[in-house]
Amino acid sequence: MTTMAVMPRATDDWTVDDLAQLPEDDGLRYELIDGTLIVSPAPRPIHQRACARLSFLLQASCPPDLEVFFAPLDWQPDNRNSLEPDLLVVAGEDVGEENISAPLKLAVEILSPSSRLRDTTLKYAKYAEGGVESYWIVDPGVPSIVAYDLRDGTYVQAASGTGSDDVLLKRPHPVTVTPSDLVTR
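So for the sequence shown, the UniProt record's numbering puts the first residue at 1; every next one is plus one.
This is the structure in structure tokens:
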């Protein structure tokens, strides 16, 4: 017997409950932004290389009161939004058995051709609105990194670098990132 996920009509407003009915193992990434379902393809190798290496750097310098996670793990600040950052840092006390709803200490998005516009506009705005303290955008094609810190509800650029620059990122905990090291084989 085959089970089919029940999905709302295209005109319906999606919720995190609707999202929970979708398949988990089909290789796609499902997110909600203001009730709109966004489906993304699986990431490319350069994306995954950058994600793995940055995760290692964050893990190596992470204080005991914080935890580092990588996708797939949803951040659900409310019933109409469910975002899946490539990497996230959260207070240990905010981690339970379900998806995370508390404001993140850090969200990291690694740009892909299919996600560039969404990561630099929609997610940028949603993370700020949701109180995510720091947001890093990594472009593996350049390679580069830009870090933003939340101040009075608005992101302010805190650091940036390209290629072989050593970039000191101070929040949520100090770590030095060299963008070219994230992607070079």
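For every residue, glycine included, the Cβ atom is placed at its ideal position computed from N, Cα and C. These numbers come from a predicted model, not from an experiment.
Using CA coordinates, which residue listed in the options is at the minimum distance from residue i?
i      : options                           : result
Arg116 : Arg29, Asp139 and Ala91           : Asp139
Ile110 : Gly163, Ala20 and Ala50           : Ala50
Glu97  : Leu73, Ala158, Val156 and Val132  : Leu73
Thr162 : Gly153, Asp152, Thr154 and Thr176 : Thr176
Leu88  : Gly153, Arg185 and Ile137         : Ile137
Would you kindly work out how many angstroms separate the C-alpha atoms of residue i and residue j, rounded to a whole number?
i           : j      : result
Thr36       : Asp166 : 38 Å
Asp78       : Gly141 : 33 Å
Arg29       : Trp75  : 13 Å
Lys123      : Leu83  : 8 Å
His173      : Ser40  : 30 Å
Asp13       : Leu19  : 11 Å
Val68       : Pro45  : 21 Å
residue 193 : Thr120 : As shown, the chain starts at 1 and ends at 185. That puts residue 193 outside it, with no answer to give.
Ile38       : Val156 : 27 Å
Glu133      : Pro85  : 14 Å
Val16       : Ala107 : 19 Å
Gln21       : Lys170 : 39 Å
In the DSSP assignment, find the alpha helix (DSSP H) that holds residue i and state where it starts and stops.
i      : result
Glu129 : Lys123 to Glu129
Just checking: is the beta-carbon of residue i within a distance shorter than 7 Å of some beta-carbon in chain C?
i     : result
Asp17 : In the structure shown, chain C cannot be found, because there is only a single protein chain.
For residue i, count neighbouring Cβ atoms within 10 angstroms of its own Cβ and tell me buried if that reaches 16, exposed if not.
i      : result
Ala60  : exposed
Val183 : buried
Report task. Tell me, please, whether the stretch 118 to 135 touches the stretch 43 to 60 by the rule of three or more beta-carbon pairs shorter than 8 Å. Result -> no
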